[in-house]
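Only one structure is covered here, and it is reproduced in the block below.
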Ligand SMILES: Nc1ncnc2c1ncn2[C@@H]1O[C@H](COP(=O)(O)OP(=O)(O)OP(=O)(O)O)[C@@H](O)[C@H]1O
Ligand SMILES: [Mg+2]
């Protein structure tokens, strides 16, 4: 039995900042504390005000410290935003002469060759995720180590982000008095929390619908095929409703959560919502179907954008596991049905599978990212890690990954 180790995660979202502390012992996670604060200074995943964002992070971290009684000094941080891009790359190496068996170091060299893809100087590689290996022309090899051959190729999915956007997130975390253990694309973390190994194998799409962005990741054969950050989320729905109802954003948000729906015809024609639009003296009744009339087009637009990203990875038939929706935006009524209609893929809303301890505080689709970050933190070898002053420290190669995605999502800085 491994000695329990503490892991700390920070999800710096557009609408909320969430910090969690857990103990990992090799068999699972036990959550010891969770803290959340309304997000400030973050827009569509990118920092727009360092001081305000720092304040929000400090608030969430303090709350998690209070609840757990544990001082938090470093965190695994989730990253998203329109600056994230992804591409596929191939690395080729000769298997070290003298032995014709592929060793771990050959795999690392192949991955290094794949990561040597040209990336503009203003971008940083966040993840290099092997998809499959090819040995002497034989494609589709999952685990190359131990195989016999002389030429080793790897297909890898490379995720990059803008240096400045990454540096700003790291700066916020530092200013809040913490070190960064690792930076993880938010949707990879969410996937870790909500999909099974079997689904990853058969083909599945994870869409994390947050406040400012909808992050998509497409998996098949246990590997990641495509990732994208779509700059539309639940806040757009709220903003549309505020315009349609001529009310402020807080009112629109509350009405959306309580009465919002994407599908007009599923609502009774006589259902009414009472509200007081700006400039009105008295409250008025608005048909609930009118809310759906406003929300529906945005829901269909978002579904179309998700569908377009899935198309980039391949035809829908390749993903029989369907779409797993997570993030707070997934709670919008009728949204899963709209996505199902637009993509023709079975769609379900998922919350993180239960982790022991604090289940109420950390349940719900909007906690998928922070729970996934805890899993990620439990898996990485933190020795020699740490991102100080925005530069990555020595890394682990992640080959000892034991998490659900660990076998394939070998994360290599
Ligand atoms: N019951 C609900 N019905 C509809 N929408 C909801 C509900 N609860 C939360 N939301 C929406 O979920 C969104 C916030 O989701 P979440 O907490 O996952 O975002 P975030 O992680 O802060 O943002 P991001 O991931 O984009 O940076 C908000 O737009 C909010 O309106
Ligand atoms: Mg989020």
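Numbering (the working numbering), first residue to last: 81 to 493. Just so you know, even glycine gets a beta-carbon here, dropped at the ideal spot from N, CA and C. Note that the structure is predicted; figures quoted are calculated from it, not measured.
Alpha-carbon spacing of residue i relative to residue j, whole angstroms
i, j, result
"residue 296", "residue 194", "23 Å"
"residue 436", "residue 105", "12 Å"
"residue 351", "residue 369", "8 Å"
"residue 231", "residue 222", "15 Å"
"residue 516", "residue 371", "Missing from the structure shown is residue 516; the chain here goes from 81 to 493 and no further."
"residue 391", "residue 398", "10 Å"
"residue 403", "residue 310", "16 Å"
"residue 438", "residue 148", "10 Å"
"residue 109", "residue 143", "20 Å"
"residue 485", "residue 345", "Its pLDDT being 42, under 50, residue 485 is placed unreliably by the model, and the measurement read from it follows with that caveat. Computed Cα separation, rounded: 40 Å."
"residue 301", "residue 213", "12 Å"
"residue 257", "residue 152", "9 Å"
"residue 233", "residue 306", "19 Å"
"residue 201", "residue 127", "21 Å"
"residue 273", "residue 359", "45 Å"
"residue 462", "residue 453", "Model confidence at residue 462 stands at a pLDDT of 47, short of 50, so the residue's coordinates are unreliable; what they give is reported in the following sentence. Distance between the alpha carbons of residue 462 and residue 453 is about 14 Å."
"residue 192", "residue 162", "26 Å"
"residue 198", "residue 364", "59 Å"
"residue 410", "residue 134", "27 Å"
"residue 406", "residue 172", "37 Å"
"residue 266", "residue 414", "24 Å"
"residue 343", "residue 84", "48 Å"
"residue 176", "residue 123", "48 Å"
"residue 412", "residue 94", "17 Å"
"residue 276", "residue 129", "37 Å"
"residue 141", "residue 219", "46 Å"
"residue 457", "residue 361", "53 Å"
"residue 291", "residue 285", "19 Å"
"residue 88", "residue 107", "17 Å"
"residue 450", "residue 204", "23 Å"
"residue 255", "residue 312", "28 Å"
Candidates the options, of which the one nearest residue i by Cα
i, options, result
"residue 160", "235, 90 and 293", "293"
"residue 324", "387, 377, 280 and 198", "377"
"residue 316", "304, 356, 302 and 381", "381"
"residue 196", "186, 212, 103 and 170", "170"
"residue 455", "92, 83 and 111", "111"
"residue 96", "130, 233, 274 and 408", "408"
"residue 327", "304, 141 and 355", "355"
"residue 426", "415, 401 and 448", "401"
"residue 367", "208, 349, 250 and 271", "349"
"residue 270", "251, 157, 167 and 375", "157"
"residue 446", "91, 83 and 87", "91"
"residue 331", "343, 342 and 318", "318"
"residue 459", "141, 145, 208 and 261", "261"
Per-residue DSSP class, three states only, for residue i
i, result
"residue 467", "Per-residue confidence for residue 467 stands at a pLDDT of 35, beneath the threshold of 50, marking its modelled position as unreliable; no derived number is given."
"residue 356", "coil"
"residue 443", "coil"
"residue 449", "helix"
"residue 346", "helix"
"residue 131", "helix"
"residue 415", "helix"
"residue 205", "strand"
"residue 154", "strand"
"residue 325", "helix"
"residue 288", "strand"
"residue 311", "coil"
"residue 258", "coil"
"residue 436", "strand"
"residue 97", "strand"
"residue 182", "coil"
"residue 428", "strand"
"residue 409", "helix"
"residue 367", "strand"
"residue 400", "coil"
"residue 386", "helix"
"residue 177", "coil"
Endpoints, alpha helix (DSSP H) assigned at residue i
i, result
"residue 336", "329-339"
"residue 361", "First-last for residue 361: undefined, no H or E at that position."
"residue 124", "Neither: residue 124 is in no alpha helix (DSSP H) and is coded neither H nor E."
"residue 270", "266-274"
"residue 278", "277-282"
Beta strand (DSSP E) segment containing residue i, residue limits
i, result
"residue 237", "231-242"
"residue 296", "294-300"
"residue 55", "In this structure the chain extends from 81 to 493, so residue 55 is not present and cannot be described."
"residue 403", "403-406"
"residue 115", "109-118"
"residue 173", "165-174"
"residue 221", "218-221"
Proximity test, residue i beta-carbon vs ligand 4 heavy atom, cut-off 7 Å
i, result
"residue 383", "The ligand content of the structure shown is limited to ligand 1 and ligand 2, which means ligand 4 is not among them."
Notebook entry, point to check: Are the region 239-254 and the region 176-186 touching by the rule of at least three beta carbon pairs closer than 8 Å?
Noted result: The region 239-254 vs the region 176-186: no contact.
Note to self: Tell me whether the region 89-106 and the region 424-431 touch, counting them as touching only if at least three CB pairs, one residue from each stretch, are closer than 8 Å.
What the structure shows: By the criterion of at least three beta-carbon pairs nearer than 8 Å, the region 89-106 is not in contact with the region 424-431.
Note to self: Any contact between the region 438-450 and the region 110-124? By contact I mean 3 or more CB pairs, one from each, below 8 Å.
What the structure shows: Segments in contact, yes.
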